[in-house]
């Protein structure tokens with residue numbers, strides 16, 4: 003079997019086996035003591051099945067990195083997975099994750115290296131290429147560093163449907179409000195669902211915590227928030243999925259509204275609050291958690307996106323009276339919610355790795 007042949011070949015070339023309780027995954031490593039690096043290759047047997055999701059694979063990566071870095075076995079841990087597959091369409095899902103991987107297509111006897119994946123891994127390319135050479139009677143293996151145009155189009159990340167839907171709702175609400183009054187008038191906005199601490203707590207109008215998230219004071223306020231939502235939302239939705247994304251957006255928005263309402267409850271004059279900024283800062287906090295936990299050294303796009311959004315939120319609007327309290331409430335809410343997501347997402351995979359050594 004080609005999977006077993008690959009393990010044997012790597013062991014014969016200096017790799018050592020590392021224990022794992024994940025049945026479909028064999029882990030092998032080389033310790034570069036000179037450079038204080040731990041280079042780890044995971045061989046996943048997906049022939050006839052596909053047991054792990056991309057999120058679970060990312061969780062395994064995080065657990066391995068944490069073990070070696072915290073234990074000070076190495077200053078740097080490099081990991082790549084070789085996914086042996088007989089179903090290209092099924093297993094290309096790993097391209098949506100954060101972990102480096104090559105798809106070992108056992109039917110076409112080729113190695114598929116997706117875009118944004120490493121072209122080589124400390125000389126691993128030439129080594130594993132021999133696996134297919136042997137299977138084909140030492141004929142030339144098909145090695146593609148990029149997919150063909152059809153495969154690349156099929157591999158594109160899922161359309162960020164929730165982000166687009168939220169953009170649409172915010173814009174429609176703004177148009178309706180603007181057509182029936184002045185969105186820069188606090189009294190008018192309060193009448194139509196904006197947040198005010200005294201109304202929320204004294205009159206029990208708790209719905210304002212949510213309705214305020216979809217209302218904006220003027221076109222400039224809307225444009226800045228919608229640009230920020232698209233820049234960050236489309237990225238985060240592709241990482242955590244649509245369901246988790248909409249949950250995080252709503253709860254972060256509620257957190258921002260609640261913190262603002264409590265803070266300004268006794269303010270004179272009363273402070274009317276509205277806008278998606280709390281929810282957007284929640285997305286910002288979630289992306290920060292992802293960037294720090296996954297430690298994606300080669301993905302600078304997250305930090306570029308965060309910097310651009312911070313510029314938009316602080317300088318792009320040119321507005322007075324920005325509700326920074328709501329921003330901070332949303333940011334804290336997004337960080338907390340993302341950590342909860344990570345805990346429950348990682349727990350099942352971590353349970354499988356208790357005996358990892």
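Residue numbers (this note's numbering): 3 to 359. Note that beta-carbon positions come from the ideal geometry of N, C-alpha and C, so glycine has one too.
Exposure label - residue i; buried when at least 16 CB within 10 Å
| i | result |
| --- | --- |
| residue 10 | exposed |
| residue 128 | exposed |
| residue 269 | exposed |
| residue 117 | exposed |
| residue 241 | buried |
| residue 341 | exposed |
| residue 19 | exposed |
| residue 171 | exposed |
Spatial distance of residue i from residue j (CA atoms)
| i | j | result |
| --- | --- | --- |
| residue 14 | residue 30 | 12 angstroms |
| residue 107 | residue 23 | 25 angstroms |
| residue 337 | residue 261 | 15 angstroms |
| residue 246 | residue 63 | 21 angstroms |
| residue 287 | residue 334 | 7 angstroms |
| residue 99 | residue 213 | 34 angstroms |
| residue 187 | residue 177 | 15 angstroms |
| residue 111 | residue 97 | 19 angstroms |
| residue 131 | residue 41 | 18 angstroms |
| residue 326 | residue 226 | 15 angstroms |
| residue 54 | residue 114 | 19 angstroms |
For residue i, the three-state DSSP class (helix, strand or coil)
| i | result |
| --- | --- |
| residue 77 | coil |
| residue 198 | coil |
| residue 30 | strand |
| residue 65 | helix |
| residue 103 | strand |
| residue 154 | Any answer about residue 154 is weak, because its pLDDT of 45 lies below 50 and its placement is not dependable; what the coordinates show is given next. Reduced to three states, the DSSP call for residue 154 is helix. |
| residue 123 | coil |
| residue 134 | helix |
| residue 50 | coil |
| residue 86 | strand |
| residue 45 | strand |
Residue j beta carbon less than 8 angstroms from that of residue i
| i | j | result |
| --- | --- | --- |
| residue 79 | residue 46 | no |
| residue 217 | residue 273 | no |
| residue 219 | residue 277 | yes |
| residue 206 | residue 258 | no |
| residue 57 | residue 162 | no |
| residue 36 | residue 12 | no |
| residue 183 | residue 190 | yes |
| residue 82 | residue 120 | yes |
| residue 17 | residue 32 | yes |
| residue 224 | residue 282 | no |
| residue 59 | residue 87 | no |
| residue 222 | residue 251 | no |
| residue 92 | residue 61 | no |
| residue 289 | residue 237 | yes |
| residue 253 | residue 339 | yes |
| residue 185 | residue 232 | no |
Near the ligand ZN: residue i beta-carbon under 7 angstroms from a heavy atom
| i | result |
| --- | --- |
| residue 216 | This structure simply doesn't include the ligand ZN, nor any ligand for that matter. |
- Item | Within the segment 206-290, ranges of the alpha helix (DSSP H) (whole runs, at least 4 residues) | 210-213, 220-242, 244-265
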